[in-house]
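To keep things clear, I will list the structure first and then write my remarks on it.
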Amino acid sequence: MALGRVGLGRAGAGRGKMRLLPLIAATYFMVAGGPYGLEDVIGMAGYGRALLLLLVIPVVWSLPTSLMVGELAAAIPEEGGYYRWVRRAMGEFWGFQEAWLSLAASVFDMAIYPTIFVLYMGRVEPAWTAGYRGTAWALGVVVVCMAWNLLGARAVGEGSVGLFCVLLSPFVVLTAVGLWKGLMGGGHAMAGMGGSGVGGGLARADWAGAVSVTLWNYMGWDNASTVAQEVEEPQRNYPRAMLLATGLVALTYVLPLAAVGLAGIPAARFSTGAWVDAARELAGPWLAVCVVLGGMINGGGMFNALMMSYTRVPYALAEEGVLPEVMERKNRWGVPWVSLAVCSVGWALALRLSFERLISIDLVLYGAALMLEFVALVVLRVKEPGLARPFKVPGGVWGAVGMGVGPAVLIGFALWAARGERVAGLPALEFAAIVAAAGPVVYLAARMVRKGRLAR
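Just so you know, my numbering puts 366 at position 326 of the sequence shown, and the rest follows in order with no gaps.
In structure tokens:
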């Protein structure tokens, strides 16, 4: 614990703490990173249904989650975030399961973002990413983000503000051109906003797949909580950041989608990377190149922000004595550099694996961890009614219970939608269940190691 306090003191005396705007930008990258990833939702469901999903799911999924995070992060602004909440509410065992599920989900999530960087780079010049070069570039993303993270949460947050502006600038142009052409096209262009039939350009909609991909594009609201002690005025800034980021994500998803739909681009032409083709058709090759560069920023920016988030969890576990003390070591900017290095190596080793189709695994593990956080919200309302809550979900205990209903229903739907998928020869849900079930085993092993260390 002393190491943690010293590190935080140095962080405050060095680069300082992350303010509201960088916190919003970092949260944005932890959740969205721009409209990239929505192409498959359009292709699966058509414009009408895709817009419906992008408007409804924030209300049912993002808003309750951001309200929950706002209350708990403001009430318990501790390093480790969601791990600390669950541990305080339900004890060490469940706190460890929360950490295990989140870190396990990160394995299936983090390898995607350097891959996205490489895929978009390959659209500029395929030879640059051919063969071993693609892996080398992906490793480069890991190394650069690790070096960036070593400068502290404030550096990551402020960098996210700049990346946000550069990332979205091509979509501002694309949206403006698309809306202009749509309005000039009148009724003909409006036909493209139909459902999944003739107007949408689809023969058959994949409703379940579209819901799962939309959920994946809206998850990650709790990730910013893990750096609470590196945020300026966390009790005030977390609730504001969560609510503002929720609106910002929904806005930057809905407007570009509506623009290309109104411009009359058939929904059936949308799959991963199709924003590049849409930009070329609407404004020319120059905008297509800008969208490609934005895709590279999307991969790097999301990896960078999420690296900051996940690496605070092993640090918090070490502070509680669950992991070795070496994981507590911090540098002059208050960054747990040993945890950062260990996690980075783990994610780098996973780069060669193909996780693009493992959204269902990610959703199952992340969904289980999220449900523990909603349970913690309710338990703490009952267990610690006097806990200072600068921001509070309205409605008392039942209001807290109600916050988890929508996310629970959507997670249940995602489980049902994944029932036919297979991973490594196993049903996807069975594979996820095995990963989750390993949590108690690892916890018991960690306790035995800790007891042996204390005995010596």
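Glycine included, C-beta positions come from ideal geometry on N, C-alpha and C.
So, using beta-carbon positions, are Thr264 and Leu63 closer together than 8 Å?
Per the sequence shown, the amino acid found at residue 264 is Ala instead of Thr. In this structure, Ala264 sits near Leu63, with a CB-CB distance shorter than 8 Å.
State the Cα-Cα distance for the pair Phe69 and Phe310, rounded to the nearest angstrom.
Their Cα atoms are separated by approximately 23 Å.
Cα-Cα separation between Ala216 and Asp262, rounded to whole angstroms:
Straight-line Cα distance between these residues: approximately 32 Å.
So for Glu360, helix, strand or coil by DSSP?
If DSSP states are grouped into helix, strand and coil, Glu360 belongs with coil.
Could you check if Arg89 is buried or exposed, using at least 16 other CB atoms within 10 Å of its CB as the buried criterion?
By the 10 Å Cβ count, Arg89 comes out buried.
Could you tell me whether the Cβ atoms of Asn189 and Asn344 are closer together than 8 Å?
Asn189 is a Cβ neighbour of Asn344, given a cutoff of 8 Å.
Please tell me whether Trp247 and Ala85 are closer than 8 Å, where the distance is taken between their beta carbons.
For the 8 Å CB-CB criterion, Trp247 and Ala85 form a contact.
Between Ser252 and Leu94, how many whole angstroms is the CB-CB distance? I'm expecting something under 8 Å.
Leu94 and Ser252 do not touch by the CB rule: their CB atoms are close to 14 Å apart, not below 8 Å.
Contained beta strand (DSSP E) runs [length at least 3] in the segment 333–380, N- to C-terminal order:
Within the segment 333–380, there are no complete beta strand (DSSP E) runs of at least 3 residues.
Could you check which residue in Val375, Leu60 and Leu322 has the C-alpha nearest to that of Gly192?
Among Val375, Leu60 and Leu322, the Cα nearest to that of Gly192 belongs to Val375.
For Met58, name the three-state secondary structure that DSSP assigns.
Annotated three-state conformation of Met58 is strand, per DSSP.
Is Leu91 closer than 8 Å to Ala298 when the C-beta atoms are compared?
Yes.
Evaluate Ala485 with the Cβ neighbour count: other Cβ atoms within 10 Å of its Cβ, from every protein chain shown; 16 or more gives buried, anything less gives exposed.
Per the 10 Å Cβ criterion, exposed.
Looking only at DSSP bridge pairs, what is Glu111 linked to?
The beta-bridge partner set that DSSP reports for Glu111 is empty.
Leaving out the 5 sequence neighbours to the left and right, which residues in its chain are closer than 6 Å to Val332 when beta-carbon positions are compared?
Correct list, in chain order: Tyr160, Arg163, Val164 and Val316.
Could you tell me if Lys221 is buried or exposed, where buried requires 16 or more neighbouring beta carbons within 10 angstroms of its beta carbon?
Buried, by the Cβ-count rule.
Out of Gly77, Tyr350, Gly460 and Asn371, which one is the CA nearest neighbour of Trp387?
When only C-alpha atoms are compared, the closest one is Tyr350.
Can you say whether Val209 is buried or exposed, counting buried as having 16 or more other CB atoms within 10 angstroms of its CB?
Reading off the sequence, residue 209 comes out as Ser, not Val. Ser209 counts as exposed, since fewer than 16 other C-beta atoms from the protein chains shown sit within 10 angstroms of its C-beta.
Quick check on Pro480: buried or exposed, where buried means 16 or more other Cβ atoms within 10 Å of its Cβ?
Classification for Pro480: exposed.
Counting along the chain, where does the alpha helix (DSSP H) carrying Asp262 start and finish?
No alpha helix (DSSP H) contains Asp262, which DSSP labels as neither H nor E.
Suppose the cutoff is 6 Å on Cβ atoms and the five residues either side in sequence are ignored; what does the same chain contact list for Leu203 look like?
Answer for Leu203: Ile337 and Gly341, listed in chain order.
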